[in-house]
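The structure appears right after this line, and notes come after that.
There are 2 protein chains.
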Amino acid sequence: MDTLLVQPKQTFVNLSPEKRESILRAAVSEFAEHGYQRASLNNIVKRLGISKGSLYQYFDNKEALFLHVFDHFTQQVKHYVKASVAGNGRDDFFVVARQVLLAGIAFIDGHPEYFQVYLKVLFERDVPRREELVARVRLFSLEYFGPLADRAMGQGLLRSDIPAHKVVFILDAMLDRFLQGYAQPYLDGGLALAGMTAGRLDDEIDSMVAVLRTGLQPSGNGE
Amino acid sequence: MDTLLVQPKQTFVNLSPEKRESILRAAVSEFAEHGYQRASLNNIVKRLGISKGSLYQYFDNKEALFLHVFDHFTQQVKHYVKASVAGNGRDDFFVVARQVLLAGIAFIDGHPEYFQVYLKVLFERDVPRREELVARVRLFSLEYFGPLADRAMGQGLLRSDIPAHKVVFILDAMLDRFLQGYAQPYLDGGLALAGMTAGRLDDEIDSMVAVLRTGLQPSGNGE
DNA sequence: CCATAATATGACCAGGCGGTCACATTATGA
DNA sequence: TCATAATGTGACCGCCTGGTCATATTATGG
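Quick note, the sequences are listed as chains A and B, same order.
Going by this note's numbering, the letters in the first sequence line up with residues 1 to 223, in that order.
Going by this note's numbering, the letters in the second sequence line up with residues 224 to 446, in that order.
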């Protein structure tokens, strides 16, 4: 999640920030709607009212444009998560989990189309450098929760009959799946997460974290 | 999950079972690899060594072929789940959850490509009758666990501070996400579920169910 | 003002798509 | 045997794709 995946051409860098942003928006929107392979450069230039030749002055090809989009996505994710846990380094394990979940929701609310791009990448083949892209996002989550779980385990805050890495998997799976449900109505299990008010959403999150807490804490400490 | 989504043409029904199956296999494989929109009928007929005209004698169009594939998928899912819980109607709530999870794993092992088709449908737009297709599978799960959770709740086997429908969501989310991780290496959270021996898989499942059990049971009954 | 460099343009290309249809082949049954 | 029905075939159609490139337009700076 460090270096950039791709460099746009100098011509793109020379553009005004407004124009760069409008191009980025159009590209994100198209990739979000159709995934990588079915996204159409013709559609993108049509929306923007520019010629196809111009787009190819900004990016070498479809892949470079897509990677540029994904670069912005990972940067945004980083910002949201870091902001959500800023200054709470010594918080309870499950409080942090709750904050990361809220950061995920805030991100989806702020950038619903970026999240769709990510989901499409997860389940589409023939996406350029797919493994690398997915790893950048998923490793961010795992490397974040891993040490946190290790520390909590060392402090006796997690049940000792389940290894820390399994705890991380379960935590990551629940959070990830909750966000999937929030972004994809079909996956919300009838909970109608999508159209939910912030207050009711908080309730759902509380329930989930409460279950994780009770389920993952050493016996006797539950609730 | 009851009536068929589509009827193949009579010409297809008249085919020998072997030929019908080989056509179905080729179609499943193509849809699993590319999703609906990017799947190519030209590829399918090329693999089969038949002419495109023949395929159009069997099915009205691409959509009908795809719906036929999905019909078989839902039937298979039904069989697997029903077989896994046969005669265990009065079992413990979490024992049933475990059985359903094992049924899901058995299904993916037996029909990995069918499961890929399903995952693609979940995250692809412009899939014909997508909502209906997804609902058929997901309602099957929710309608199955719903009454089970209600009964367990009535018997005081579930913590009373979380409504039954949230319990169902959490259960469904965990099982669903576990299967996603089993089918998609990127989502297994470093657990390497995919290449796992049956015994180690059982361990992972046990851990997960144990957490759910402890987290969802009334306090004091943990473990 | 003008030469040069930078940028914008869209017709065009080869290739793939879902779908059609006139025709060839095979099966049927009187 | 032979007319009829059923099935198989692949060239072809219009459309769309990512990508190219000769040409037109605009910006730059001496």
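Glycine residues also receive a C-beta, built at the ideal position from the N, C-alpha and C atoms.
Treat the numbers as computed from the prediction; the structure is a model and nothing was measured.
Review point. Taking 8 angstroms as the CB-CB limit, is Glu30/A close to chain B?
Key: no
Check your understanding: Between Thr214/A and chain B, is there a C-beta pair that is closer than 8 angstroms?
Key -> yes
Point to revise | Inter-residue spacing [alpha-carbon to alpha-carbon] between Phe235/B and Asn284/B | key: 13 angstroms
Practice item. Spatial neighbours of Ser364/B within its chain, please: CB distance less than 6 angstroms, with the 5 preceding and 5 following residues excluded, ordered by chain position. Key: Asp395
Practice item. Label Arg177/A either buried or exposed according to how many other C-beta atoms from any shown protein chain fall within 10 Å of its C-beta, with 16 as the threshold for buried. Key: buried
Exercise for review: Determine contact between the region 157-171 of chain A and the region 402-418 of chain B, defined as no fewer than three beta-carbon pairs at a distance below 8 angstroms.
Suggested key: yes
Check your understanding: For Arg38/A, which residues in chain B fall below 7 angstroms Cβ to Cβ?
Key -> Gln260 and Arg261
Point to revise | Chain-order list of residues whose beta-carbon lies under 7 angstroms from that of Met431/B (same chain, five-residue window excluded) | key: Met397 and Phe401
Review point. Sorted by chain position, which residues of the same chain lie with C-beta nearer than 8 angstroms to Leu102/A's C-beta, five sequence neighbours on each side aside?
Key: Ser84 and Ile205
Check your understanding: Is the Cβ of Phe296/B closer than 8 angstroms to any Cβ of chain A?
Key -> no
Exercise for review: Counting only the same chain and skipping the five closest in sequence on each side, list residues whose C-beta sits under 7 angstroms from that of Phe145/A.
Suggested key: Val168, Leu171 and Asp172
Review point. What in chain B is Cβ-close to Ser207/A, meaning under 7 angstroms?
Key: Ile385 and Lys389
Practice item. For His291/B, count neighbouring C-beta atoms within 10 Å of its own C-beta (all shown protein chains included) and say buried if the count is 16 or more, exposed if not. Key: buried
Practice item. Could you name the residues of chain B that Ile170/A contacts, counting a contact when the two beta carbons are closer than 8 angstroms? Key: Met397, Ser430, Met431 and Val434
Check your understanding: Terminal residues of the continuous alpha helix (DSSP H) containing Met153/A?
Key -> Arg130 to Gly154
Exercise for review: Give me the Cβ distance between Lys232/B and Gln280/B, rounded to the nearest whole Å; I'm assuming they're in contact under 8 angstroms.
Suggested key: 7 angstroms
Check your understanding: Does DSSP put Arg441/B in a helix, in a strand, or in coil?
Key -> Before going on, a small fix: residue 441/B reads as Pro here, not Arg. Three-state DSSP puts Pro441/B in coil, outside helix and strand.
**Study point:** Cβ contact (3+ pairs, closer than 8 angstroms) linking the region 251-265 of chain B and the region 340-349 of chain B
**Key:** yes
Check your understanding: Do the region 180-187 of chain A and the region 126-136 of chain A touch if we need at least three Cβ pairs shorter than 8 angstroms?
Key -> no
**Study point:** Straight-line gap, Leu435/B to Phe317/B (C-alpha atoms, nearest Å)
**Key:** 8 angstroms
Check your understanding: Using a C-beta cutoff of 8 angstroms, does Gly224/A count as contacting chain B?
Key -> Missing from the structure shown is residue 224/A; chain A here goes from 1 to 223 and no further.
Check your understanding: Is Asn266/B closer than 8 angstroms to Lys275/B when the C-beta atoms are compared?
Key -> no
Check your understanding: Closest by CA to Asp2/A, which one among Asp202/A, Ala210/A, Glu132/A and Pro147/A?
Key -> Glu132/A
Practice item. Alpha carbon to alpha carbon, how far is Glu113/A from Ala421/B? Give it in angstroms, no decimals. Key: 39 angstroms
**Study point:** Integer-rounded CB distance, given that Val6/A should sit under 8 angstroms from Ala86/A
**Key:** Actually they do not touch by this definition, with Cβ atoms about 29 angstroms apart.
**Study point:** Against chain A: residues of the region 266-292 of chain B by CB proximity under 8 angstroms
**Key:** none
Check your understanding: How long is the line joining the alpha carbons of Ser16/A and Lys82/A, rounded to whole angstroms?
Key -> 29 angstroms
Review point. Can you tell me the Cα-Cα spacing of Thr437/B and Val96/A, whole angstroms?
Key: 21 angstroms
Review point. Do you know how far the Cα of Glu143/A is from the Cα of Arg248/B?
Key: 40 angstroms
Check your understanding: Any C-beta of chain B sitting closer than 8 angstroms to the C-beta of Val134/A?
Key -> yes
Check your understanding: Whose CA, out of Asn14/A, Ser219/A, Ala194/A and Phe31/A, lies closest to the CA of Ala106/A?
Key -> Ala194/A
Check your understanding: To the nearest angstrom, how far is it from the Cα of Arg374/B to the Cα of Leu439/B?
Key -> 14 angstroms
Check your understanding: Secondary structure at Asn305/A, three-state DSSP: helix, strand or coil?
Key -> Given that chain A is displayed from residue 1 to residue 223, the structure contains no residue 305/A and the question cannot be resolved.
Review point. Going along chain A in order, which residues have a C-beta closer than 9 angstroms to the C-beta of Gly310/B?
Key: Near Gly310/B there are no residues of chain A at all, since even the closest Cβ is about 27 angstroms away, more than 9 angstroms.
**Study point:** Pairwise C-alpha distance: Arg270/B and Ala387/B
**Key:** 49 angstroms
Practice item. Look at the alpha carbon of Gly156/A and the alpha carbon of Thr74/A, and state the distance between them as a whole number of angstroms. Key: 34 angstroms
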